[in-house]
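Visitor: Going by our numbering, the sequence shown opens with residue -1, and the numbers climb by one from there. Supplied in structure tokens, the structure appears directly below.
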Amino acid sequence: MVEAVLFDLDGTFADTAPDLGAAVNHVRALHDLPPLPIEAIRPQASHGSRGLLKLGMGVEPGTQNYDEARDAFLQHYEAHICDRTKLFPGMAALIAELERHELPWGIVTNKPHRYTVPLMEKLGYAKRAACLVSGDTCARSKPHPMPLLHAAELMGVSPESCLYLGDDLRDMEAAQAAGMMGIIAAYGYIDPAADLATWPAAARVPTPFALLRYIQS
């Protein structure tokens, strides 16, 4: 029986790609580069500044100009963290249904606390969540199970009774390692080349509200 539901944030709970994309395009503009289309950005949006700067600027940690690009990216993103970010269609209805049935829900993300809490506050869901576990809340981040186990502890439920919805392989690996039911958010930021059949997940859903089927069963 499902006693609690946990969500990844970027690409699962909220469509953050427009604001993340604006930040990477801001960095590109500083170097007189044309903006990338949102279609190119979306598959990398779950990978944060590292993935987006590799896509947009061809730089990685340890390479020349990475720190400068990262600082410009994060400064812009923090200032515009919820300009165009919205919940995915059906997520608000799903959360309302969970709350109607008094099922606690929370967020487990690799996004740093510095950005997780302000974003959830601007979306209007920070105080409604039973827990907000960020990438720097625990000593390890996903795909390590520690953040998911910590979330279950905060909510006072066993990991086995938790369901975790995410859009990345590391989400499913973390859920499996934590003993939780992992469900793929097929509507999220998934690379078209990804073979979802190889992900250690119990199922996949085309929309957030479709998750109710697995909660009710």
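Built from N, CA and C at the ideal position, the CB exists for glycine as well.
Run through the DSSP bridge pairs and tell me what residue 182 is partnered with.
Guide: Residue 182 is bridged to 164, 202.
Visitor: Starting from residue 3, trace the alpha helix (DSSP H) in both directions and tell me its first and last residue.
Guide: Where residue 3 is concerned, there is no enclosing alpha helix (DSSP H), although the beta strand (DSSP E) it sits in stretches over 2 to 5.
Visitor: Rounded to the nearest angstrom, how far is the Cβ of residue 2 from that of residue 118, given a contact under 8 Å?
Guide: The pair is not a contact, with the Cβ atoms about 17 Å apart (cut-off 8 Å).
Visitor: Who are the Cβ neighbours of residue 197 in its own chain at under 7 Å, not counting the five residues just before and after it?
Guide: Excluding positions up to five away in sequence, the list reads 167, 170, 182.
Visitor: Give the range of the beta strand (DSSP E) segment to which residue 131 is assigned.
Guide: Taken as a continuous stretch (DSSP letters only), the beta strand (DSSP E) holding residue 131 covers 129 to 131.
Visitor: Using the beta-carbon count (16 or more within 10 Å), is residue 40 buried or exposed?
Guide: Result: buried.
Visitor: Compare the C-beta of residue 168 against all C-beta atoms of chain C and say whether one is closer than 8 Å.
Guide: Within the model displayed, chain C is absent; a lone protein chain is all it includes.
Visitor: From the DSSP output, read off the bridge partner residues of residue 230.
Guide: No information on residue 230 is available, as it lies outside the stretch -1 to 215 that the chain covers here.
Visitor: From the DSSP output, in three-state form, read off residue 90 for me.
Guide: In the structure shown, residue 90 sits in a helix (DSSP, three-state: H, G or I).
Visitor: What's the C-alpha gap between residue 76 and residue 137?
Guide: Straight-line Cα distance between these residues: approximately 23 Å.
Visitor: Can you tell me whether DSSP reads residue 12 as helix, strand or coil?
Guide: Strand, per DSSP.
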